[in-house]
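*Asks:* First to last, the protein sequences are chains A and B. Per our numbering, the very first residue in the first sequence carries number 1; after that it's consecutive. Per our numbering, the very first residue in the second sequence carries number 1; after that it's consecutive. Backbone N, C-alpha and C define an ideal beta-carbon position, used for all residues, glycine too. Given the structure is predicted, the values throughout are model-derived calculations rather than measurements.
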Amino acid sequence: MDYTPFTKWVLDNGLSERTLELLVGIAIVATIVSLARYLFGSKSFGIYAPVILAVAFTYTGLRYGLVITAVVITSSLLSYLILSKIRMHYISRMAINYCLIIMSLIIFFIIVHKYNLGLPNMSLIQPLAIISIIGLSDFFAKQQIKKGFKTSILVLGSTLVIASIGWFIITREAISTFMINNLWLIPALIVINILIGQFSGLRFKDIVRFRTIIQDEENVKK
Amino acid sequence: MLRSKKIKEILGLNRRNQEYIRPLNSPSSKKIADNKILTKKVLSKEGINTPEVYKLIRTKKQLQFLDFESLPNSFVIKPNQGTGGNGIVVLYGKKKGQTAWIRPSGEIMSTKDITMHIENILEGRYSMGSRKDIAIIEERVKTDPFLKQYSYKGVPDIRIIGYNQVPIMAMMRLPTKKSNGTANLHSGAICTGIDISSGITTYSMHMQDKSLISDSYEMIDSTLDLKENKKLAGIQIPYWEQILEIAVKCQKASKLGYIGVDIALDAEKGPIVFELNARPGLGIQVANQAGLRWRLEKVKDIEIKSMKHGIRVAKNLFGGEVEESIEAISGRKVVNINEKIFLYYKTPVSKKKNDPQNREAIRVFVDTGLITSRINKTLASRIGFFEAIKYFYSLPIPDKFESFKDAQEYIDSNQTTIIGHPDILRVAKIVEEGTIKIRPVICVHTKIASEEKEIEMVVTEDTTYNVVIGRNELKGYLIDTSKTFT
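1. At a Cβ threshold of 8 Å, is T486 of chain B touching chain A?
2. Quick one: using the 10 Å Cβ neighbour count with 16 as the cut-off for buried, is M128 of chain B buried or exposed?
3. Rounded to the nearest angstrom, what separates I96 of chain A and G135 of chain A at their Cα positions?
4. I need the straight-line Cα distance from Y152 of chain B to S132 of chain A, nearest angstrom please.
5. If you draw a straight line from the alpha carbon of N152 of chain A to that of V71 of chain A, how long is it in whole angstroms?
6. Where does N277 of chain B sit, in a helix, a strand or coil, going by DSSP?
7. CA-CA distance, V248 of chain B and G310 of chain B?
8. What did DSSP end up calling I47 of chain A once you bin it into helix, strand or coil?
9. Hey, P79 of chain B and D133 of chain B: beta-carbon distance below 8 Å or not?
10. Could you tell me whether the Cβ atoms of V334 of chain B and L474 of chain B are closer together than 8 Å?
11. Quick check: what's the CA-CA separation for D195 of chain B versus K252 of chain B?
12. Given that S200 of chain A touches chain B, what residues does it touch there, using C-beta distances under 8 Å?
13. Straight-line CA distance for M116 of chain B to R172 of chain A?
14. For the alpha helix (DSSP H) containing L66 of chain A, name the first residue and the last one.
15. Closest Cβ-Cβ distance between M207 of chain B and chain A: below 8 Å?
16. Give me the residue from B:A361, B:L174, B:I158 and B:A189 with the minimum Cα distance to V273 of chain B.
17. Go ahead and pull the three-state DSSP assignment for A361 of chain B.
18. By how many angstroms is the C-alpha of G257 of chain B removed from the C-alpha of V24 of chain A?
19. Can you give the Cα-Cα distance for S16 of chain A and K8 of chain A, rounded to whole angstroms?
20. Are there 16 or more other CB atoms within 10 angstroms of the CB of Y393 of chain B, so buried, or fewer, so exposed?
21. Tell me which same chain residues have a C-beta within less than 7 Å of the C-beta of E138 of chain B, skipping the five on either side of it?
22. Answer yes or no: does any C-beta atom of chain B fall closer than 8 Å to that of E217 of chain A?
23. Just verifying my parser: in three-state terms, what is the DSSP assignment at P187 of chain A?
24. Does the region 152–165 of chain A come close enough to the region 36–45 of chain A to have 3 or more Cβ pairs within less than 8 Å?
25. Under 8 Å between C-beta atoms, does E123 of chain B make it to chain A?
26. Under 8 Å, Cβ to Cβ, is there at least one residue of chain B near F234 of chain A?
27. Could you name the residues of chain A that A290 of chain B contacts, counting a contact when the two beta carbons are closer than 8 Å?
28. Would you call L422 of chain B buried or exposed, if buried means 16 or more other Cβ atoms sit within 10 Å of its Cβ?
29. Cβ of H89 of chain A less than 8 Å from any chain E Cβ?
30. Quick one: what does DSSP say I207 of chain A is sitting in, helix, strand or coil?
31. Can you find a CB in chain A that lies within less than 8 Å of the CB of Y239 of chain B?
32. To the nearest angstrom, how far is the alpha carbon of N14 of chain B from that of Y38 of chain A?
33. For K132 of chain B, which three-state DSSP category applies?
34. If you compare alpha carbons, which of B:F146, B:L282, B:V467 and B:L265 is closest to N48 of chain B?
35. DSSP three-state label for I86 of chain A, please.
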């Protein structure tokens, strides 16, 4: 592959192509999170969760990644439902939650292996990727306790959307190559974030939320 | 154009954080708001009521030695540094013969359940950043009976946004069945906008479930799930003046530049401050159907000299904003004490009905102490009653009467001559400058608060006010007392 001299120099000095790709990808996903939050108004589980998910998805593939996420979240919800009947300490509850997730994942893998279910070669997925996805349950459970079911599902949704966009960007060969060849884009991302960071206008979600106020005035005009 | 102007009036989360919360709410002042014990301490110095604390539990050891028998029949358990009402448990009655308490939902909490809940609080399950916390056992506010009729079980509260010592906007939050007795909008409580100047409720909104992208509200007219649903607009919030004063005092005491003050009304103690909020939400704009941003910008550069000054500024700037909405919802129009009205000439100058030449605009005084409205002689003559007045004053009527009885006797015996002119409807006995007099009553075509009507007026000697509107004409109006003479 043709790289610019600077990129070549970077790659010759201790960074593999894959690492560089992922690192640049992280910077992009982080910027997307900030864009989504301050221009659109959608909340995600911080920056870490979407970044780690996007990276995990590059290892698992989007389809497998989303399926594993679905299993993790479903069992996390189920364990919450069951455990809410019993009063117990928070960390113990979370530990049980993890045990239940692991159990359901094992069962899930066996079922997939037995009946295929359109998911061949699942056993080839890197364990670290699966573990990263399991970690999502921590964010989810915390959010659910504090903000309730609906909010946490919404936040989970936007986290997954951002992670998927991140996955898409990282896995596009053309984009990755372009980014690697133009490493100055990382400082450019800083500039973009400075601009977003100073933005004090209405978020898209604010406009939707306050639309009755905006429309009201128009009716008066008529 | 209008849409973009309106958008600019709204305060969004970005601007709230960047221009108001971050620069105006210092870490030390946030600390006061985020810590209920500290809030109580700071406010009690200012003489502001907060719920009385029965017990503070700081450690598991203290919890172990908690004497449940000493707890009253009803109380509330709160995490000291809780957010968004999480971890608050209300116990409103003791189960007979047992050491167990009943929650508003009917659920029973034993000492074991309570211990477990307090342990969770101590471990920081409900506190910001899951830090170790203190559990507060405090008095349960007994809702003011007037407001109680609008809420389902829980305690309604009043939220006021304060900035630069001016109460900027206010709303009431009413618990519903869906919100499970809490005043949390996201759980389904009703929010009702309040007109800052009068303390009268305006619009009411309720959050819809369906919305996915964002909070979506629908406008409602009356309460949702009470035995007898009540109209929500036009409610006069009790203790309004006091509530505004408390809001300003709280801002001063906490030094929060941008503050949300949550006030409940207790049946015995009156206004009680529940909580100070260093990051108050923006839903209040929906309840009032008005933007916060322009209000904040309007008071930004005003130098507020005193608490009363701050309140006066709020009333003058933001009061009239909702007059129309009160009218729209309650069907009642708002008139000011000093109101501009139109008087139509008896014989129109122009043939066009709506020609401004046919009427005269004047400032009138609204006086609920009077029964019949009054108009002075000169003005009445000018608008076409000259002949009638000339006729009346040509009659040999005594200047004053000793009593109303004498006056009535005189009227009875001279009935036909006194109302001899077609423009004189009848005569009235009035007290003018301390003496009892008989004066003619005429019928004037007017326009008050954009409504045309015929008003009977007593013609008086020339006084300070050309026209004084009395009680007879004020039925169906709300009188705004904040706009007096300037």
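*Replies:* According to the data block:
1. Indexing the second sequence from 1 puts residue 486 of chain B at position 486. Legend: pLDDT at T486 of chain B = 44, less than 50; position of this residue unreliable, no value from coordinates given.
2. Counted from its first residue, the second sequence places residue 128 of chain B at position 128. Answer is exposed; the Cβ neighbour count stays below 16.
3. Along the first sequence, one-based indexing puts residue 96 of chain A at 96. Along the first sequence, one-based indexing puts residue 135 of chain A at 135. Going from the Cα of I96 of chain A to the Cα of G135 of chain A covers about 14 Å.
4. Residue 152 of chain B sits at position 152 when you count from the first residue of the second sequence. Residue 132 of chain A sits at position 132 when you count from the first residue of the first sequence. Taking the straight line from one Cα to the other gives about 45 Å.
5. Looking up residue 152 of chain A in the first sequence gives position 152. Looking up residue 71 of chain A in the first sequence gives position 71. Reading off the sequence shown, one finds Ser at residue 152 of chain A, where the question assumed Asn. About 16 Å.
6. As a working note, residue 277 of chain B is residue 277 in the second sequence. DSSP places N277 of chain B in strand when its eight states are reduced to three.
7. Start at 1 with the first residue of the second sequence, and residue 248 of chain B comes out as number 248. Start at 1 with the first residue of the second sequence, and residue 310 of chain B comes out as number 310. Answer to the nearest angstrom: the Cα atoms are 8 Å apart.
8. Looking up residue 47 of chain A in the first sequence gives position 47. Reduced to three states, the DSSP call for I47 of chain A is coil.
9. Sequence index remark: in the second sequence, residue 79 of chain B carries index 79 (1-based). Sequence index remark: in the second sequence, residue 133 of chain B carries index 133 (1-based). Yes, they are a contact pair.
10. The residue you call residue 334 of chain B lines up with position 334 of the second sequence. The residue you call residue 474 of chain B lines up with position 474 of the second sequence. Taking 8 Å as the Cβ cut-off, V334 of chain B and L474 of chain B do not qualify as a contacting pair.
11. The residue you call residue 195 of chain B lines up with position 195 of the second sequence. The residue you call residue 252 of chain B lines up with position 252 of the second sequence. Straight-line Cα distance between these residues: approximately 22 Å.
12. Within the first sequence, residue 200 of chain A is the residue found at index 200, counting from 1. In chain order: G12, N14, R15, Q18 and E19.
13. Working through the second sequence from its first residue, we reach residue 116 of chain B at position 116. Working through the first sequence from its first residue, we reach residue 172 of chain A at position 172. Going from the Cα of M116 of chain B to the Cα of R172 of chain A covers about 52 Å.
14. What you label residue 66 of chain A is simply residue 66 of the first sequence in a count that begins at 1. Taken as a continuous stretch (DSSP letters only), the alpha helix (DSSP H) holding L66 of chain A covers L62 to L83.
15. On the second sequence, position 207 is the one that residue 207 of chain B refers to. M207 of chain B does not count as touching chain A.
16. Mapped onto the second sequence, residue 273 of chain B falls at position 273. With distances taken between Cα atoms, V273 of chain B lies closest to B:I158.
17. For the purposes of this step, residue 361 of chain B is identified with residue 361 of the second sequence, where counting begins at 1. Strand at A361 of chain B.
18. Along the first sequence, read from residue 1 onward, the residue named residue 24 of chain A stands at position 24. Along the second sequence, read from residue 1 onward, the residue named residue 257 of chain B stands at position 257. Distance between the alpha carbons of V24 of chain A and G257 of chain B is about 41 Å.
19. Here residue 16 of chain A is taken as the residue at index 16 of the first sequence, counted from 1. Here residue 8 of chain A is taken as the residue at index 8 of the first sequence, counted from 1. Spanning the two alpha carbons is a distance of roughly 11 Å.
20. For the purposes of this step, residue 393 of chain B is taken as the residue at position 393 of the second sequence. Its Cβ having fewer than 16 others within 10 Å, Y393 of chain B is exposed.
21. Here residue 138 of chain B refers to the residue found at position 138 when the second sequence is read from its first residue. Counting only Cβ-Cβ distances below 7 Å, and skipping sequence neighbours, we find P51, E52, V53, Y54, F75, V76 and K78.
22. Residue 217 of chain A sits at position 217 when you count from the first residue of the first sequence. Summary for E217 of chain A: the model assigns pLDDT 49, below 50, so the residue's position carries little reliability; its value from the coordinates is reported in the next sentence. By this cut-off, E217 of chain A is an interface position.
23. Here residue 187 of chain A corresponds to residue number 187 of the first sequence, with the count starting at 1. Helix at P187 of chain A.
24. yes
25. On the second sequence, position 123 is the one that residue 123 of chain B refers to. It does; some Cβ of chain A falls within 8 Å.
26. Residue 234 of chain A is absent from the structure shown; chain A starts at 1 and stops at 222.
27. If you number the second sequence from 1, residue 290 of chain B lands on position 290. Per Cβ cutoff of 8 Å: I213.
28. Within the second sequence, numbered from 1, the residue matching residue 422 of chain B stands at position 422. Leu is not the amino acid found at residue 422 of chain B; the sequence shown has Pro there. Classification for P422 of chain B: exposed.
29. Protein chains in the displayed structure are A and B, and chain E is not among them.
30. The residue given as residue 207 of chain A occupies position 207 in the first sequence. Helix, per DSSP.
31. Sequence index remark: in the second sequence, residue 239 of chain B carries index 239 (1-based). Taking Cβ atoms only, chain A never reaches closer than 8 Å to Y239 of chain B, which makes this a no.
32. Position 14 of the second sequence holds residue 14 of chain B. Position 38 of the first sequence holds residue 38 of chain A. Distance between the alpha carbons of N14 of chain B and Y38 of chain A is about 7 Å.
33. For this step, residue 132 of chain B is matched to residue 132 along the second sequence. Note: K132 of chain B maps to coil in three-state DSSP.
34. Here residue 48 of chain B refers to the residue found at position 48 when the second sequence is read from its first residue. Here residue 48 of chain B turns out to be Ile, not Asn, going by the sequence shown. Answer by Cα proximity: B:L265.
35. As a first step, residue 86 of chain A must be located in the first sequence, where it is residue number 86. Correct three-state label for I86 of chain A: coil.
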